[in-house]
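> In my numbering, the protein residues as written are 59 to 526. Encoded as structure tokens, here's the structure I'll be asking about.
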């Protein structure tokens, strides 16, 4: 504690002296150079790494960091040989800034000040030609990334590693990266896709906000490398990170990326995710994929789906849902039934091998079902009732036994009705007032569903267990 008091006294004395001098004053310049040469500049900051600080000590620490930043500016301007500055900057980076940013005890406000001083110190390094010094920095940055990634099992052992992204940005922008460093950054990006979210969640901002964009700027071909890795290594546990990566990579990736089956699987799963931010990323990528193809090539049902999906998932106003329901009804008619051609087997549109892109074929039912599923779990019970009744009424008119020779239900409709629609009817609010005809519509719908059952058995023998 005595060292802390002495350091505080030195800082206050230096601050008082500097504040009373005019810029360019020789006495000020000499004092600053002397502070750098003797190590006093750094010594005023060494007390900051104590385990706990009072509010007053934290404010003093911030003052100290700001003062040292001013001293660096003065020394950089007047130290012709820059020997004193070089040593001071080295001490600042490794003995002050890194120790402040790495421990979990660093407060967010102090971490911001320490990061600002670190970037300022790196930008003030007299020479960019000392490759050994920069290689040492790169090694320390990689080690800090590795430490952050391995700290997930001990969440209190490391501070927020977002600051590492800013250091990576500096290295790329100043052209101070090496092939081995680029490779390690690439490995970090691939690891976040191959590893469950919780393992790299603390690194998400640094990787997606800084590392990935600068890797692409550094070498455009890396976008293709990362895209291929995402499409082959993604898993449901890393869905959010996969979507984040694709959002960053899509504008720079190969033109036919959106035709890959795994790309479609990621988007479809993302659109059905419980988190709104994940659904928004998936919808953004779907829009981008549709815009990539010629507008005349994509089937019109996809545009209808995108518009309806946005209204249903991200707007809660009942009148907006009522306005878009006509489009949803059209999708019910087009996705729940499949045309039957004699002497040809019934298949899902997603199995159509002749389509050059998924989006040239009509919207598959497995994509559409997320819209009505969301409607039936809406916070507003009036919306739930309206959409359930309207869906069943549309199905009654569409699934007509007289058309069984030419159309049959899409195979995914069967489990959807049994596991999503029927459980949604288990809501007392729906049956409070018969004027909405919920009971009558439900009876008519179930009757119609059982009527078409016999036709489904001949087309989908593997669904017998569900239909009996």
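Beta carbons: idealized from backbone N, C-alpha and C, even for Gly. This one's a predicted model, so the numbers in the text were calculated from it and none came from an experiment.
#1: What would DSSP say about residue 355, mapped onto helix, strand or coil?
#2: Helix, strand or coil, according to DSSP, for residue 125 in the structure here?
#3: Spatial neighbours of residue 311 within its chain, please: CB distance less than 7 Å, with the 5 preceding and 5 following residues excluded, ordered by chain position.
#4: Spatial neighbours of residue 390 within its chain, please: C-beta separation below 6 Å, excluding the five flanking residues on both sides.
#5: Residue 204: buried (16+ other C-beta within 10 angstroms of its C-beta) or exposed?
#6: Which one of 364, 318, 357 has the shortest CA to CA distance from residue 339?
#7: So residue 262 and residue 229 are in contact, right, with Cβ under 8 Å, and what is the actual spacing, rounded?
#8: Cβ atoms of residue 417 and residue 348: under 9 Å apart, would you say?
#9: Which of the three DSSP states is assigned to residue 274 in this structure?
#10: Give the secondary structure of residue 250 by DSSP, where H, G and I count as helix, E and B as strand, and everything else as coil.
#11: I need the DSSP call for residue 364, collapsed to helix, strand or coil.
#12: Determine the direct distance from the alpha carbon of residue 147 to that of residue 334, and round the result to whole angstroms.
#13: Rounding to the nearest angstrom, what Cα-Cα distance links residue 225 and residue 252 in this structure?
#14: Report the rounded CA-to-CA distance for residue 128 versus residue 301, giving the unit in angstroms.
#15: Do you know offhand how far residue 130's Cα is from residue 249's?
#16: When the distance is taken between beta carbons, is residue 420 closer than 9 Å to residue 357?
#17: Among the residues of its own chain, which have a CB less than 7 Å from the CB of residue 274, if the five just before and after it don't count?
#18: By Cβ distance below 8 Å, which residues in the same chain neighbour residue 361 in space, the five residues on each side in sequence not counted?
#19: Just grab the DSSP bridge partners of residue 396 for me.
#20: Under the rule that 16 or more other beta-carbon atoms within 10 Å means buried, what is residue 343, buried or exposed?
#21: Quick one: what's got a C-beta closer than 8 Å to residue 497's C-beta in the same chain, skipping five residues either side?
#22: Suppose the cutoff is 6 Å on Cβ atoms and the five residues either side in sequence are ignored; what does the same chain contact list for residue 200 look like?
#23: Would residue 135 pass as an interface residue toward chain B - the criterion being a Cβ-Cβ separation below 9 Å?
#24: Out of curiosity, what's the CA-to-CA distance linking residue 406 and residue 466?
#25: Let's test the definition: count the other Cβ atoms within 10 Å of the Cβ of residue 189 and tell me whether it reaches 16, buried, or not, exposed.
#26: Is the separation between the beta-carbon of residue 499 and that of residue 429 shorter than 9 Å?
#27: Assuming residue 291 contacts residue 258 under a Cβ cut-off of 8 Å, what Cβ separation, rounded to an integer in Å, is found between them?
#28: If you follow the alpha helix (DSSP H) that residue 293 is in, where does it begin and where does it stop?
#29: Mark residue 133 as exposed unless 16 or more other C-beta atoms lie within 10 angstroms of its C-beta, in which case mark it buried.
#30: With H, G and I counted as helix, E and B as strand and the rest as coil, what does DSSP make of residue 332?
#31: How about residue 316 and residue 341: are their beta carbons less than 9 Å apart?
#32: Less than 9 Å separating the beta-carbons of residue 494 and residue 447?
#33: For residue 400, collect the residues of the same chain with a Cβ closer than 7 Å to its Cβ; drop the 5 residues on either side in sequence, then sort them by chain order.
#34: Since residue 298 and residue 270 should fall inside the 8 Å C-beta cutoff, what is the C-beta to C-beta distance between them, to a whole number of angstroms?
#35: Here's a check: name, in chain order, each residue in its chain whose Cβ is nearer than 8 Å to the Cβ of residue 179, leaving out the five neighbours to either side.
Considering the structure as presented:
#1: Locating residue 355 in the chain shown gives position 297, where the first residue counts as 1. Of the three classes helix, strand and coil, the one that applies to residue 355 here is coil, per DSSP.
#2: Position 67 of the chain shown holds residue 125. In this structure, residue 125 counts as helix in the three-state DSSP scheme.
#3: Your numbering for residue 311 matches position 253 in the chain shown. Contacts found: 281, 282, 285.
#4: Within the chain shown, numbered from 1, the residue matching residue 390 stands at position 332. Taken in chain order, the residues that qualify are 452.
#5: As a first step, residue 204 must be located in the chain shown, where it is residue number 146. With fewer than 16 Cβ atoms within 10 Å of its Cβ, residue 204 is classed as exposed.
#6: On the chain shown, position 281 is the one that residue 339 refers to. Minimum Cα distance to residue 339 is reached at 364.
#7: Position 204 of the chain shown, counted from the start, is the residue given in the question as residue 262. Position 171 of the chain shown, counted from the start, is the residue given in the question as residue 229. Rounded, the Cβ-Cβ distance is 20 Å, inconsistent with contact.
#8: Along the chain shown, one-based indexing puts residue 348 at 290. Along the chain shown, one-based indexing puts residue 417 at 359. A contact, by the Cβ cut-off of 9 Å.
#9: On the chain shown, residue 274 is found 216 positions in, with the first residue counted as 1. It is helical.
#10: Numbered from 1 along the chain shown, position 192 holds the residue referred to as residue 250. In this structure, residue 250 counts as helix in the three-state DSSP scheme.
#11: Taking the first residue of the chain shown as position 1, residue 364 is located at position 306. Helix.
#12: Numbered from 1 along the chain shown, position 276 holds the residue referred to as residue 334. Numbered from 1 along the chain shown, position 89 holds the residue referred to as residue 147. Between the alpha carbons of residue 334 and residue 147 lies a distance of about 45 Å.
#13: Taking the first residue of the chain shown as 1, we reach residue 225 at position 167. Taking the first residue of the chain shown as 1, we reach residue 252 at position 194. Rounded to whole angstroms, residue 225 to residue 252 spans 24 Å at the Cα level.
#14: Mapped onto the chain shown, residue 128 falls at position 70. Mapped onto the chain shown, residue 301 falls at position 243. About 43 Å.
#15: Indexing the chain shown from 1 puts residue 130 at position 72. Indexing the chain shown from 1 puts residue 249 at position 191. Between the alpha carbons of residue 130 and residue 249 lies a gap of roughly 38 Å.
#16: Numbered from its first residue, the chain shown carries residue 357 at position 299. Numbered from its first residue, the chain shown carries residue 420 at position 362. Note that the C-beta distance between residue 357 and residue 420 is below 9 Å.
#17: Sequence index remark: in the chain shown, residue 274 carries index 216 (1-based). Once the five neighbours on either side are set aside, the close Cβ partners of residue 274 are 280, 281, 310.
#18: On the chain shown, residue 361 is found 303 positions in, with the first residue counted as 1. Once the five neighbours on either side are set aside, the close Cβ partners of residue 361 are 348.
#19: For this step, residue 396 is matched to residue 338 along the chain shown. Looking at the DSSP assignment, residue 396 forms a beta bridge with 466.
#20: As a working mapping, residue 343 is identified with position 285 in the chain shown. Residue 343 sits buried, since 16 or more C-beta atoms from the chains shown fall within 10 Å of its C-beta.
#21: The sequence position of residue 497 within the chain shown is 439, counting from 1. Excluding residues within five positions, the ones whose Cβ falls inside 8 Å are 489.
#22: Along the chain shown, one-based indexing puts residue 200 at 142. Excluding positions up to five away in sequence, the list reads 242.
#23: Of the protein chains in the structure, only one exists, and it is not chain B.
#24: For the purposes of this step, residue 406 is identified with residue 348 of the chain shown, where counting begins at 1. For the purposes of this step, residue 466 is identified with residue 408 of the chain shown, where counting begins at 1. Residue placement at residue 406 cannot be trusted, given a pLDDT of 44 that sits under 50; what the coordinates show is reported in the next sentence. Cα to Cα, residue 406 sits roughly 12 Å from residue 466.
#25: Position 131 of the chain shown, counted from the first residue, corresponds to residue 189. Taking a 10 Å sphere around the C-beta of residue 189, we find fewer than 16 other C-beta atoms and assign the residue as exposed.
#26: Your numbering for residue 499 matches position 441 in the chain shown. Your numbering for residue 429 matches position 371 in the chain shown. Against a cut-off of 9 Å, the Cβ pair of residue 429 and residue 499 comes out as no contact.
#27: In the chain shown, counting from the first residue as 1, residue 291 sits at position 233. In the chain shown, counting from the first residue as 1, residue 258 sits at position 200. Not really, about 13 Å apart at Cβ, beyond 8 Å.
#28: Within the chain shown, numbered from 1, the residue matching residue 293 stands at position 235. Per DSSP, residue 293 belongs to no alpha helix (DSSP H) and is neither H nor E.
#29: For this step, residue 133 is matched to residue 75 along the chain shown. Its Cβ being crowded by 16 or more others within 10 Å, residue 133 is buried.
#30: Taking the first residue of the chain shown as 1, we reach residue 332 at position 274. Assignment of residue 332 by DSSP, reduced to helix, strand and coil, places it in the coil class.
#31: Locating residue 316 in the chain shown gives position 258, counting from the first residue. Locating residue 341 in the chain shown gives position 283, counting from the first residue. Not a contact, by the Cβ cut-off of 9 Å.
#32: Counted from its first residue, the chain shown places residue 494 at position 436. Counted from its first residue, the chain shown places residue 447 at position 389. Result yes, Cβ atoms of residue 494 and residue 447 sit closer than 9 Å.
#33: Mapped onto the chain shown, residue 400 falls at position 342. With a pLDDT of only 46 at residue 400, under the threshold of 50, the placement of this residue in the model should not be trusted, and no figure is reported.
#34: Stepping through the chain shown from its first residue, residue 298 is reached at position 240. Stepping through the chain shown from its first residue, residue 270 is reached at position 212. Contact between residue 298 and residue 270 fails: their C-beta atoms lie close to 14 Å from each other, not under 8 Å.
#35: Working through the chain shown from its first residue, we reach residue 179 at position 121. So the qualifying residues of the chain are 130, 147, 150, 151, 155.
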